Every structure is written in C-alpha cells, then in structure tokens.
Amino acid sequence: MNDNKKIAINSIIIYVRLCVVSLISVILSRVVLDALGASDFGLYNVVGGIVLLLNVLNSSMTSTTYRYLAFEIGKGESGDPNKIFNTSRFIHLFFAILIILIGEPIGEYYILHYLNVLPESIPNAQFVFRLSIISAAVNTFFVPNQGLLVAYEKFNVTGFIDIVTNIVKLLLVFLFIYSEGNRLRIYSIIMLSYTILNSLFYHFYCTRYYAKVTSYKRVRDKALYKEMISFSGWTLFGAFANVGKSQGAAIIINFFFGTIVNAAYAVARQVESFIMMFARSLNSAAVPQTTKSFSAGDIHRSISLTSRISKYTFILMALISFPAILEINFLLELWLIDVPDGTAIFCKLIILGNLIGCLGEGIPNLINACGKIKAYQVVVHSVMIAGLPISFLLYKNGANPYTICIVYCIVNFINSFIKLFMLRRVVEFSIPQFLKISHLRIILMSIPLVAYYFLAPKPTSTIFHCVNIIVSLIFFTIVLFVLGLDHSEREKVIGFIKRKIAR
2 MNDNKKIAIN SIIIYVRLCV VSLISVILSR VVLDALGASD FGLYNVVGGI VLLLNVLNSS
62 MTSTTYRYLA FEIGKGESGD PNKIFNTSRF IHLFFAILII LIGEPIGEYY ILHYLNVLPE
122 SIPNAQFVFR LSIISAAVNT FFVPNQGLLV AYEKFNVTGF IDIVTNIVKL LLVFLFIYSE
182 GNRLRIYSII MLSYTILNSL FYHFYCTRYY AKVTSYKRVR DKALYKEMIS FSGWTLFGAF
242 ANVGKSQGAA IIINFFFGTI VNAAYAVARQ VESFIMMFAR SLNSAAVPQT TKSFSAGDIH
302 RSISLTSRIS KYTFILMALI SFPAILEINF LLELWLIDVP DGTAIFCKLI ILGNLIGCLG
362 EGIPNLINAC GKIKAYQVVV HSVMIAGLPI SFLLYKNGAN PYTICIVYCI VNFINSFIKL
422 FMLRRVVEFS IPQFLKISHL RIILMSIPLV AYYFLAPKPT STIFHCVNII VSLIFFTIVL
482 FVLGLDHSER EKVIGFIKRK IAR
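Just add 1 to wherever you are in the sequence shown, counting from 1, and you've got our numbering.
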C-alpha cells in the first residue's frame with residue numbers, strides 16, 4: 002500500500018474511533034456533571050489534575066516507545082524491536098513504582114494544605130486521589146503496548162479497543178446514576194476499572210499477535226537505557242509544560258476562584274478535548290511514517306509531511322471549531338442540563354488558543370524522529386511554562402478568571418515561530434517554503450472566517466441556530482477550497498469528485 006494512502010486510511014480509522022469515543026464522552030460528561038453537581042465535578046477535575054501532572058510520564062514514554070520502535074522497524078532486517086520493547090517495559094515498571102512512592106505524599110500534602118474545598122470534602126478528595134494514583138501507575142506500566150501498536154500502525158486495533166472499553170465505561174456510569182452511596186467515590190472506582198480494563202486489552206492483544214516482540218528478555222545495554230531515559234526525560238519536560246497549561250491552570254483557578262469556576266473550566270476542557278482529538282487524528286496517523294521516513298534517510302518526505310500536517314491539522318480543527326465558536330451557548334445548553342457560569346467564554350478562548358497552537362503541529366514529530374530534542378524541549382516548553390506564573394501574577398492583581406486562556410493564546414502564537422527555528426537547527430530545510438505551504442494558507446483562510454464571526458446575524462430560535470451551523474459549514478468549505486488549498490490540491494479534489502460522479 003502507498004505510504005500516503007496508508008496515512009489517509011489510518012486517519013479515517015482514527016476519525017471514526019474518535020467520533021464514537023467523543024459521542025460517548027459527550028453523554029458521560031452530561032450524566033456525570035448532573036449526577037455529581039458542579040462542586041463535586043470541579044473537585045474531581047482538580048484532584049484528577051494533580052494526578053495528570055504525574056501521569057504525563059505516560060505521554061512522554063509512549064512517544065519514546067513508538068519513536069524507538071518505529072526507528073527500529075524502519076531499519077528493516079537489521080532492527081531489533083524486541084530489545085527496544087523490553088527496555089521500555091523495565092523503564093515503565095520503574096516509573097510506575099515512582100508515581101506511587103512520590104505522588105502519594107505530594108498529593109496528600111497538597112490536599113491537606115492548599116486544596117480550596119470545604120473541610121468535610123477532604124476525605125472524598127483523598128479517596129479520589131488515591132484511586133487516581135493507582136490508575137496512573139497501572140496506565141504507566143502498560144504504556145509500551147500502546148507504543149507498540151502505534152509503531153506498527155495498528156490503528157484499527159487501538160480504535161476497536163478504545164470503543165469497546167468506552168462502551169463498558171458508559172454502561173457502568175449509567176448504573177452509577179442510580180446508586181445511593183457516595184457518588185464521587187463510586188465514579189472514581191468506575192474510572193479506575195476502565196483504566197485497568199483498557200490496559201489489559203492492549204496487553205493481551207500485543208502478547209497474542211506480537212509474541213516475538215513482546216517476549217521477555219533481560220536487556221543489559223546500559224547505553225540504550227541511558228539514551229531512552231534521557232530522551233523520555235526531555236520529552237517529559239515538554240509533557241509537564243503541556244499538562245501545566247491545562248491542569249496547572251485548573252489548580253491556579255481553584256486557588257483564586259474555587260470549585261464552581263473550576264467546573265466551568267472543566268467543561269471547557271472537555272469541549273477542547275473533543276475538538277483536539279478530531280484535529281490530531283491526521284497527526285497521529287502520520288507520526289510512524291514521519292519517523293520511518295527519517296530512519297530510512299528520506300529527509301525530503303519527512304519535511305513535506307511535517308509542513309502539510311501543520312496545515313491539515315488546522316483545517317480539521319477549524320472545521321469543527323468554527324461552528325462551535327459561533328454557536329457555543331446553544332451547543333452547551335443542548336448538551337448540559339445546567340451550564341456553569343462562564344463556560345462559554347472559557348470554551349471560546351481555549352478553542353482559539355488551540356487553533357493558534359496548530360501552527361507547526363507536525364514539527365515535534367520530526368524533532369523526535371531526529372532524536373535531538375533537548376534544545377527544542379527546553380526552549381519551546383520553557384516559554385509554555387512561563388504562562389503559569391504570568392497568569393498567577395495577573396490573578397494576584399485582580400484579573401478575571403479567563404485571563405489564563407488569553408495568556409496561552411499569546412504563548413501559542415510565539416511558540417509557533419520558535420518551533421520553526423528550532424527545527425531548522427537540526428534539519429536542513431527552507432523556512433519560507435515551509436511557511437508558504439502551512440502558515441500562509443492558514444492566514445488567508447482566517448481573514449474571512451473572523452469577518453463572518455463578527456458580521457453574521459445572531460440566531461434567536463432553535464431552527465435558526467441549526468441553520469446557522471449548516472450555513473457556517475458551507476461557508477467554511479468555500480473558504481477552504483478557494484483560499485486553503487493550493488492549485489495542485491484543488492485539482493486533486495476536483496478529480497476525486499469527477500471520478501465519484503462517473504462511477
């Protein structure tokens with residue numbers, strides 16, 4: 002199969018998976034918010050945020066695992082995926098133990114001394130945190146299995162596993178609605194059960210179908226351990242910065258405004274996660290191909306993939322974000338029974354920040370493939386981390402709750418250009434040509450979309466809200482075709498449509 006066609010097929014598979022998982026998540030969010038209430042829902046997200054600051058080990062090590070596995074696979078017969086998998090497995094066991102030993106006392110100290118909740122809610126917060134720590138440790142230990150399937154581009158398998166386990170989670174949550182006990186604790190138990198089930202599915206599939214790769218072998222290559230831990234360490238620095246942008250923000254918001262505002266921010270983060278999952282489906286599908294192309298010495302294809310991923314990721318996200326921003330109040334009222342105050346503004350600003358963040362979206366993949374990630378991680382994510390203390394100081398001086406979202410819009414814009422220059426340090430390519438393929442078309446598209454947002458009439462009834470969503474999608478499609486696509490891309494689209502009509 003043609004490699005570009007494989008990326009397209011994998012993107013479709015990921016997109017379908019995300020449609021199902023997101024639909025389930027939308028239903029779950031509404032049910033859980035209604036069952037727990039705004040205060041407990043906000044509490045769960047704050048405490049869960051503490052664990053996510055530890056759980057970033059998963060994301061950093063997942064990328065490390067599939068980077069090294071994909072690199073070995075790209076070598077062909079000379080590669081040794083089994084050695085990489087076992088090295089990753091030993092490292093993950095160590096990190097899982099570390100999460101429990103370090104995370105437990107830190108979390109307990111934060112809950113007892115800094116968590117902004119009523120005294121009677123402290124035992125619930127401690128219970129939720131302990132179960133979340135166990136969940137983080139379990140998830141960390143089984144991360145190599147997820148990395149293995151990504152490296153082999155088995156997105157149909159990962160999609161099936163995620164759909165099945167999310168359906169099970171949905172059924173458990175519907176039972177949770179009718180429970181009479183402490184609902185916050187019951188929900189925490191359900192989330193832990195989901196993590197264990199999901200991890201076991203990945204483990205059993207990998208041991209069944211990739212027995213040669215997953216077979217146990219003790220690895221004594223100290224240089225490889227050092228290299229992978231160093232790589233994951235710098236990736237971890239970046240992961241902490243990204244989680245700090247969202248979960249660190251939740252902690253700061255809780256410190257200044259309490260759990261009710263946290264509930265509004267948490268709902269906005271849910272909306273963000275739905276949209277970003279769709280937007281990054283193409284990026285996820287292209288990661289193994291970028292690494293394998295670089296491993297095989299095809300630098301030109303790696304650069305071409307990276308520049309186009311940045312552009313297409315923005316298009317995919319804007320396709321969903323544009324009507325969502327226009328009709329956010331209507332969509333929130335349609336989705337939730339009680340919408341926490343301020344949720345709509347949080348949603349708009351967070352979505353805008355992520356749209357800006359799509360500029361240069363594919364660059365981290367190529368940096369990882371090169372292996373020279375230290376300078377990139379330090380520079381880009383130091384800028385990212387700086388958003389937290391800046392926001393804290395602004396809050397200390399009386400800024401409104403939405404200030405942190407505005408700060409990160411600015412941070413993402415600055416980083417979009419820093420990423421380009423950091424990539425140029427490790428790979429030879431033309432920055433103007435890269436900008437022409439990715440950024441230029443994005444800027445051209447943004448001008449009429451912004452004008453539409455400010456000039457479009459504001460609907461006043463349900464029918465007109467629905468009509469406005471449809472019209473906005475049609476308008477977006479026209480803008481995309483005229484301004485977003487270059488000549489060759491328009492020719493391919495026209496040719497594809499003509500072939501379908503001919504059939």
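No residue lacks a Cβ here, since even glycine has one placed at the ideal position from N, Cα and C.
Predicted model, so just to flag it, every value in this text is computed and none were measured.
Indicate the three-state DSSP secondary structure (helix, strand or coil) for residue i in the structure shown.
i, result
"Val428", "coil"
"Ile74", "helix"
"Gly496", "helix"
"Ala457", "coil"
"Lys420", "helix"
"Arg31", "helix"
"Val340", "coil"
"Leu335", "helix"
"Asn83", "helix"
"Pro402", "coil"
"Phe143", "coil"
"Val262", "helix"
"Asp299", "coil"
"Phe119", "Rather than Phe, the amino acid found at residue 119 in this sequence is Leu. In this structure, Leu119 counts as coil in the three-state DSSP scheme."
"Asn183", "coil"
"Ala387", "coil"
"Arg1", "Summary: the structure shown does not reach residue 1, with the chain confined to residues 2 through 504, and so no result is reported for it."
"Lys218", "coil"
"Ile374", "coil"
"Asp487", "coil"
Less than 9 Å between the C-beta atoms of residue i and residue j, yes or no?
i, j, result
"Val32", "Val169", "no"
"Lys76", "Val220", "no"
"His93", "Val17", "no"
"Asp41", "Asn125", "yes"
"Asn167", "Val22", "yes"
"Ile135", "Leu201", "no"
"Ile405", "Ile254", "yes"
"Thr215", "Leu149", "yes"
"Ala452", "Val412", "no"
"Gly259", "Leu389", "no"
"Ile417", "Gly361", "The sequence given here places Ser at residue 417; Ile does not occur at that position. The answer is yes: Cβ separation under 9 Å."
"Ser89", "Leu102", "no"
"Ile391", "Val408", "yes"
"Ser462", "Ser311", "no"
"Thr257", "Tyr110", "Before going on, a small fix: residue 257 reads as Phe here, not Thr. Result no, Cβ atoms of Phe257 and Tyr110 do not sit closer than 9 Å."
"Val480", "Leu436", "no"
"Ala267", "Gly43", "yes"
"Ile29", "Leu176", "Correcting the residue type first, residue 29 is Leu in the shown sequence and not Ile. Taking 9 Å as the Cβ cut-off, Leu29 and Leu176 do not qualify as a contacting pair."
Using only alpha-carbon positions, find the residue among the options that is nearest to residue i.
i, options, result
"Val272", "Ile338, Ile254, Asn263, Cys348", "Cys348"
"Ser233", "Tyr67, Phe257, Ser216", "Tyr67"
"Tyr217", "Phe465, Cys207, Ile253, Ile495", "Cys207"
"Lys155", "Leu198, Pro120, Ile190, Tyr203", "Tyr203"
"Ser473", "Pro460, Gly358, Leu327", "Leu327"
"Leu19", "Ile276, Leu367, Ala71", "Ile276"
"Ser133", "Gly259, Leu113, Val48", "Val48"
"Ser64", "Pro433, Lys493, Leu237, Ile28", "Leu237"
"Cys371", "Pro402, Ile300, Phe256, Asn398", "Ile300"
"Phe465", "Val381, Leu332, Ser439", "Leu332"
"Gly505", "Ala376, Ile338, Leu421, Pro341", "Missing from the structure shown is residue 505; the chain here goes from 2 to 504 and no further."
"Leu580", "Asn146, Asp487, Gln127", "Lying outside 2 to 504, the shown extent of the chain, residue 580 is not represented and no answer is given."
"Ala138", "Leu171, Val151, Phe95", "Phe95"
"Pro340", "Val427, Ala269, Ile374, Asn183", "Correcting the residue identity first, residue 340 is Val in this sequence and not Pro. Closest option to Val340, Cα to Cα, is Ala269."
"Gly38", "Asp487, Ile338, Ile502", "Ile338"
"Trp235", "Ile28, Ser26, Val480, Ser383", "Ser383"
"Phe130", "Phe142, Pro106, Val27", "Pro106"
"Ile14", "Ile164, Leu484, Phe482, Tyr403", "Ile164"
"Ala152", "Phe91, Glu121, Phe72", "Phe72"
"Glu228", "Phe323, Lys375, Asn199", "Lys375"
"Lys246", "Thr159, Phe323, Met385", "Met385"
"Leu317", "Phe161, Ile98, Ile502, Met446", "Met446"
Which whole-angstrom value describes the C-beta separation of residue i and residue j, a residue pair presumed to lie in contact below a C-beta threshold of 8 Å?
i, j, result
"Thr307", "Thr291", "7 Å"
"Phe315", "Leu356", "7 Å"
"Leu335", "Phe477", "The pair is not a contact, with the Cβ atoms about 20 Å apart (cut-off 8 Å)."
"Thr344", "Ala265", "4 Å"
"Cys410", "Leu350", "7 Å"
"Ile419", "Val380", "6 Å"
"Phe430", "Ile304", "5 Å"
"Arg442", "Gly485", "5 Å"
"Ile100", "Pro324", "Ile100 to Pro324, Cβ: 40 Å. No contact."
For the ligand ATP, I want to know if residue i counts as a neighbour, meaning its beta carbon is within less than 8 Å of at least one of the ligand's heavy atoms.
i, result
"Asn199", "No copy of the ligand ATP appears in this structure; indeed no ligand is present at all."
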